[in-house]
Amino acid sequence: MNTLQVYDKQILNNLTDVIQGRKENYRMRFLLSNNDKYKVIQTQDIAYIYTEFRLSKAVMFDKSVNILPFTMEELESELNPNRFFRASRQFLVSYESIKTIQNNLNSKVSIILLDDVEVDLSRERTRAIKQWLDT
């Protein structure tokens, strides 16, 4: 096999893994620029991420907030789905940040996060989060 065939086979394998949901190289940290300094944050330290005015903000377990230069779609694809759940268009939550789950009308639920932020879920997301938390 020549180098090109090996390279093509690796690309094909990577695409197959992504399509079948077997991606295992999820982002472990972010390098964030802040004026003349850089800051590294670990994904395991992120409680949840929300979007506000087209900015993605990561709320850490220590209550600090960092702006991430990514869209929610990019973050959802780069973060480990075993740790982070897309609760709504505005929220990606870590399972560790969920304090309680509250039943609402019409089979919907709200999740209450550690700092008492309430996130309302659609019926579809309600079923998905119950399955996600029960694995």
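Numbering-wise, the working numbering puts -11 at position 2 of the sequence shown, and it's gapless, one number per residue.
In this text, a Cβ means the ideal position worked out from N, Cα and C, and glycines have one as well.
Please confirm whether residue 116 and residue 71 have their CB atoms less than 9 Å apart. The Cβ atoms of residue 116 and residue 71 do not sit closer than 9 Å to each other.
Should the region 44 to 53 be regarded as contacting the region 23 to 34, the criterion being three or more beta carbon pairs within less than 8 Å? Note that the region 44 to 53 touches the region 23 to 34; at least 3 beta-carbon pairs, one per stretch, sit closer than 8 Å.
Buried versus exposed call for residue 92 [16 or more other C-beta atoms within 10 Å across all chains shown]: Exposed.
Under the rule that 16 or more other beta-carbon atoms within 10 Å means buried, what is residue 106, buried or exposed? That one is buried.
Give me the residue from 99, 84, 62, 83 with the minimum Cα distance to residue 90. Measuring from the Cα of residue 90, the nearest candidate turns out to be 99.
Here's the rule I'm using: 16 or more other beta-carbon atoms within 10 Å means buried, otherwise exposed. How should residue 40 be labelled? Residue 40 comes out exposed.
Rounded separation between residue 45 and residue 66 - CA only: Linking residue 45 to residue 66 through their CA atoms gives a straight-line distance of about 12 Å.
When the distance is taken between beta carbons, is residue 75 closer than 9 Å to residue 62? Going by C-beta atoms, residue 62 is not nearer than 9 Å to residue 75.
Label residue 84 either buried or exposed according to how many other C-beta atoms from any shown protein chain fall within 10 Å of its C-beta, with 16 as the threshold for buried. So residue 84 counts as buried.
Please say whether residue 82 and residue 108 have beta carbons closer to each other than 9 Å? Not in contact: residue 108 and residue 82 (Cβ atoms no closer than 9 Å).
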